[in-house]
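Structure, as structure tokens:
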Amino acid sequence: MPVYERGYTHWQPSGRRASPAWLVIARRGVTEPLKRRWLFLLILASWVPAIIKGGFVYAKLKAGNMVDLLGGSWTSIDPEGFLRFLEGQRFFVFVLLAITGAGLISTDRRENGMSLYFSRPLGLLDYIGGKAMTIVGFYCLVTLLPVCLLCLFAYLIAPDATGMDLLLMTPLRTLAYCLLAGASTSLVLLAFSSLGTRSVFVMVWWTVLVQGTETIGGIAEGLGRGGLQAMNFMGQYHNAGSLLFGAPPRLEVSPWLSLALVLGWTVLALWVLRRQIRPVEVVS
Amino acid sequence: MKGAGIDSSQARITADRVGKWFGEVIAVNNCTLSVGTGVVGLLGANGAGKSTLFKMLAGLIEPSHGTVRVFGRRLRQDVGWYRQVGFCPESDALPDWMTGREFLALMLRLMGYEKSEINRRVGYWLERFELEDAAGRRLGGYSKGMRQKLKLAQAMAHDPAVIFLDEPLNGMDPVSRKQSIDLVRELGQQGRTVLVSSHILPEVESMTSEIILMDRGRVLAEGAVAEIRDKIPEHPTTVALVSAAPRALAGFLIGREHVVGVQVDQENRVVVSTDHAVAFYRALPGWLLGNGLVVDEIVTLDDSLEAVFQYLTER
């Protein structure tokens with residue numbers, strides 16, 4: 132009988148563990164940046180639009196549709212209004228994700244930390260899942276959470292006027308949207324992070340992807356070349372989101388095409404991550 | 006069973022015709038080996054392929070061909086078994102922005118321990134490596150020796166049965182080096198498997214006499230140094246005998262079985278070359294007693310790890 136089965140029963144692996152590995156990684160990824168005080172200020176700043184919208188919601192429910200004239204559909208409490216709100220959060224999403232996500236894998240690579248992670252009982256999915264959950268967490272902090280609180284706020288002010296659709300369906304739509312957009316965005320950012328060892332370069336590429344393609348999309352719109360708006364990275368998420376929120380498309384591109392593009396980026400990002408993440412760095 | 010080169014059914018770590026190619030370069034070529042309990046040194050010069058083999062054995066590099074098993078399992082396909090494995094990488098691998106305590110706690114949390122157990126183990130291992138005073142400091146401020154000790158601590162803190170240590174004493178001061186060597190030997194005596202990769206022969210020699218010797222991507226030998234030494238016929242073992250009558254002893258030994266050469270050196274010792282050291286040692290007392298000869302001291306001159314290494318690698 133092999134030695135390891137003969138007298139070392141206490142060395143058999145136990146199936147029970149306090150927390151799954153991905154949760155340990157995600158928790159670490161969320162708590163570490165929060166030690167920086169200025170990040171709290173940024174998160175607070177990202178909540179200012181929600182507070183303003185909350186004010187409009189209050190005024191609308193008390194003063195009627197006259198308020199819509201002030202803020203347009205951004206202030207409305209129908210599904211489209213919340214999709215517009217999510218779209219308006221894109222700057223904070225861009226900045227917060229760049230700060231918290233750029234170094235998630237590149238730092239591990241720079242510090243040769245992969246071998247320490249992968250000599251623990253965790254697989255590639257745990258590692259990527261934990262890192263992605265970190266980004267999704269921050270994403271939801273500036274999108275899903277304010278929307279849910281706004282819906283609750285509106286319902287509490289005027290339950291009869293808002294109804295269960297606002298209390299239940301809008302948060303569910305937002306949840307589905309944030310899971311889709313958050314997961315896809317986080318995987319794309321992680322793929323960038325896995326390509327280098329310096330966070331600053333990851334941030335540069337992230338900026339080019341988000342701001343650069345948005346600029347190109349804007350120019351294309353100005354030139355009347357609506358089809359080129361398919362290059363707008365963040366725009367595709369909002370455009371695909373119009374399917375979930377039952378709103379008109381945000382771009383001159385079919386929302387289904389946007390959804391296909393989003394899924395395409397996600398698959399590409401997973402492919403890059405699968406190739407780039409190795410337990411040890413191999414120098415050729 | 007203890008050591009290297011044992012029956013593979015009794016081994017904790019086995020490699021079966023393992024090879025690794027990086028592009029057109031072959032780093033490890035068709036290696037087969039088995040490791041049981043105790044401390045085993047994986048030796049080789051820089052570029053011998055030991056680092057690649059070491060990482061393949063730890064499940065961190067997928068072999069191009071062949072299979073590696075630890076506890077009969079392929080670790081990367083059965084990651085739960087990593088709870089029984091400790092790994093200390095050669096590279097620095099520590100996040101500068103974490104404190105020593107945070108780092109060790111994170112490593113244990115990934116192993117699945119609960120908070121109270123993590124605190125207990127972190128406290129024990131920080132004390133064991135005399136790092137308690139620096140526990141709250143960021144790792145960026147640690148010296149190389151302190152970082153090395155913390156890397157060793159994270160490899161041992163979860164009480165693994167198999168421990169991989171890649172150049173474990175790098176950058177340590179003499180006192181820490183001695184403590185770490187004692188700890189490794191202690192772990193081996195407890196019945197754990199400790200595989201130590203190093204290119205510093207005295208370092209390995211101080212921990213174990215069981216070795217796996219690599220050169221140019223191949224395993225040249227595995228087992229106890231003395232046994233390997235005996236299997237190198239082109240380099241007879243040299244033994245020095247200290248006697249009050251060296252010339253008489255030398256004359257007697259000429260032509261005896263397993264004696265291939267005899268001379269008296271400048272220190273008046275009788276230096277005997279033997280093609281079978283074990284048989285020679287077995288026969289020597291009978292020869293001496295039967296012929297009224299006295300030997301005060303016996304010293305084997307070239308069965309050291311360094312000699313074995315030189316003979317096998319022709320360096």
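For the record, the sequence lines run as chains A and B.
In the working numbering, each number is its position in the first sequence, counted from 1, plus 131.
In the working numbering, each number is its position in the second sequence, counted from 1, plus 5.
Glycine included, C-beta positions come from ideal geometry on N, C-alpha and C.
(message) Please report whether the beta-carbon of S330/A lies at a distance below 8 Å from any beta-carbon of chain B.
(response) No, S330/A does not count as interfacial toward chain B.
(request) Could you confirm whether any beta carbon from chain A is found closer than 8 Å to the beta carbon of R106/B? (result) Not one chain A Cβ lies under 8 Å of R106/B.
(message) Please give the ranges of any beta strand (DSSP E) in the segment 119-191 of chain B, keeping only runs that are unbroken, at least 3 residues long and fully inside the region.
(response) With a minimum length of 3 residues, the continuous beta strand (DSSP E) runs that stay inside the segment 119-191 of chain B are 167-171.
(message) Can you look up Q1/B in the DSSP assignment and give me helix, strand or coil?
(response) Residue coverage of chain B in this structure runs from 6 to 320, which leaves residue 1/B outside it and unanswerable.
(message) Cutting at 6 Å between CB atoms, please list the residues of its own chain near T328/A, excluding the five before and the five after it.
(response) The answer, listed in chain order, is S237, R240, R241.
(request) Kindly list, in the order they appear in chain B, the residues whose Cβ is closer than 9 Å to that of V398/A. (result) Those do not exist, as V398/A stays about 23 Å from chain B at its closest Cβ, beyond 9 Å.
(request) Determine the contact status of Y286/A and L217/A, defining contact as a CB-CB distance below 8 Å. (result) No, they are not a contact pair.
(request) Note down, in chain order, each residue of its chain lying with its Cβ closer than 6 Å to the Cβ of C434/A, except the 5 sequence neighbours on either side. (result) With chain A covering 132 to 415 only, the question about residue 434/A has no answer from this structure.
(message) Pop quiz: G244/A and A98/B are said to be a contact at Cβ under 8 Å. What is the actual Cβ separation, rounded to whole angstroms?
(response) Yes, G244/A and A98/B are in contact; Cβ-Cβ is about 6 Å, under 8 Å.
(request) With a threshold of 16 other CB atoms inside 10 Å of the CB of Q194/B, please say whether the residue is buried or exposed. (result) Answer is exposed; the Cβ neighbour count stays below 16.
(request) Can you tell me the Cβ-Cβ gap for C36/B and V44/B, rounded? I've got them flagged as a contact below 8 Å. (result) Approximately 20 Å separates the beta-carbon atoms of C36/B and V44/B; this is outside 8 Å, ruling out the contact.
(request) Report yes or no: is there a C-beta of chain A within less than 8 Å of the C-beta of R88/B? (result) R88/B counts as touching chain A.
(request) Identify the continuous alpha helix (DSSP H) that holds L293/B and give its terminal residues. (result) Unbroken alpha helix (DSSP H) run through L293/B: 282-295.
(message) Please list, in chain order, the chain B residues whose beta carbon lies closer than 7 Å to that of A149/A.
(response) Neighbours of A149/A on chain B, chain order: G117, Y118, E119.
(message) Buried or exposed for T338/A, going by 16 or more other Cβ atoms inside 10 Å?
(response) Exposed is the call here.
(message) Whether or not the segment 89-108 of chain B and the segment 260-273 of chain A are in contact is what I'm after, with contact meaning three or more pairs of Cβ atoms, one per stretch, closer than 8 Å; do they touch?
(response) Touching, no, given that fewer than three Cβ pairs across the two stretches are closer than 8 Å.
(request) Determine whether the Cβ of A98/B lies closer than 8 Å to any Cβ atom of chain A. (result) Cβ-Cβ to chain A under 8 Å: yes for A98/B.
(request) Name the one or two DSSP bridge partners that F27/B has. (result) Per DSSP, V30/B.
(request) Give a yes or no on whether 8 Å exceeds the smallest Cβ distance from G244/A to chain B. (result) Closer than 8 Å to some Cβ of chain B, the Cβ of G244/A qualifies, so yes.
(message) Does any residue of chain B have a CB that is nearer than 8 Å to the CB of L247/A?
(response) Chain B contact via Cβ: present.
(request) Would you tell me roughly how many angstroms separate the C-alpha atoms of T257/A and W153/A, rounded to the nearest one? (result) For the record, residue 257/A in the displayed sequence is Asp; it is not Thr. Whole-angstrom Cα-Cα distance: 5 Å.
(request) Mark Q367/A as exposed unless 16 or more other C-beta atoms lie within 10 angstroms of its C-beta, in which case mark it buried. (result) So Q367/A counts as buried.
(request) Look at the Cβ atom of L317/B, then the Cβ atom of D220/B, and state whether they are nearer than 8 Å. (result) Closer than 8 Å, so yes.
(message) Considering just the uninterrupted stretch of the alpha helix (DSSP H) at V333/A, what are its terminal residues?
(response) That run of the alpha helix (DSSP H) goes 330-338.
(request) Establish whether the CB of P410/A and some CB of chain B are separated by less than 8 Å. (result) For P410/A, the answer is yes, since a Cβ of chain B falls inside 8 Å of its Cβ.
(message) For V313/B and V230/B, which I take to be in contact (beta-carbon distance under 8 Å), what is that distance rounded to the nearest angstrom?
(response) About 6 Å separates the beta carbon of V313/B from that of V230/B, a gap short enough to meet the 8 Å contact definition.
(message) Does the segment 170-183 of chain B come into contact with the segment 145-155 of chain B, if we say contact requires no fewer than three beta-carbon pairs (one atom in each stretch) closer than 8 Å?
(response) Yes, since at least three Cβ pairs between the segment 170-183 of chain B and the segment 145-155 of chain B fall closer than 8 Å, the two stretches touch.
(request) Alpha carbon to alpha carbon, how far is L200/B from V127/B? Give it in angstroms, no decimals. (result) Whole-angstrom Cα-Cα distance: 23 Å.
(request) Below 7 Å CB to CB, which residues in the same chain sit around F284/A once its five sequence neighbours on both sides are set aside? (result) Residues G185, V188 of the same chain have their beta carbon placed closer than 7 Å to that of F284/A, with the five preceding and five following residues left out of the count.
(message) Counting only C-beta atoms, is S250/A closer than 8 Å to chain B at any point?
(response) Residue contact check for S250/A against chain B: a CB pair falls below 8 Å.
(request) Would you mind giving the Cβ-Cβ distance between T305/A and L272/A, rounded to the nearest angstrom? I have them listed as a contact below 8 Å. (result) The C-beta distance from T305/A to L272/A rounds to 13 Å, too long to fall under 8 Å, and the pair is not in contact.
(message) What ranges does the alpha helix (DSSP H) occupy inside the segment 261-313 of chain A, keeping only unbroken runs of at least 4 residues that lie completely in it?
(response) Runs of the alpha helix (DSSP H) inside the segment 261-313 of chain A: 275-288, 290-295.
(request) Determine which residues share a DSSP beta bridge with D97/B and list them. (result) Residue pairing by DSSP places D97/B in no beta bridge whatsoever.
(message) Using the three-state DSSP reduction, which class does D307/B fall into: helix, strand or coil?
(response) Here D307/B carries a coil assignment [DSSP, helix/strand/coil].
(message) Let me check one thing: in DSSP terms, what residues is L246/B bridge-paired to?
(response) Beta-bridge pairing links L246/B to V275/B, I303/B.
(message) Closest to S39/B by C-alpha separation, out of D308/B, D307/B, P251/B, I217/B, would be which residue?
(response) When the alpha-carbon of S39/B is set against those of D308/B, D307/B, P251/B, I217/B, the nearest one is in I217/B.
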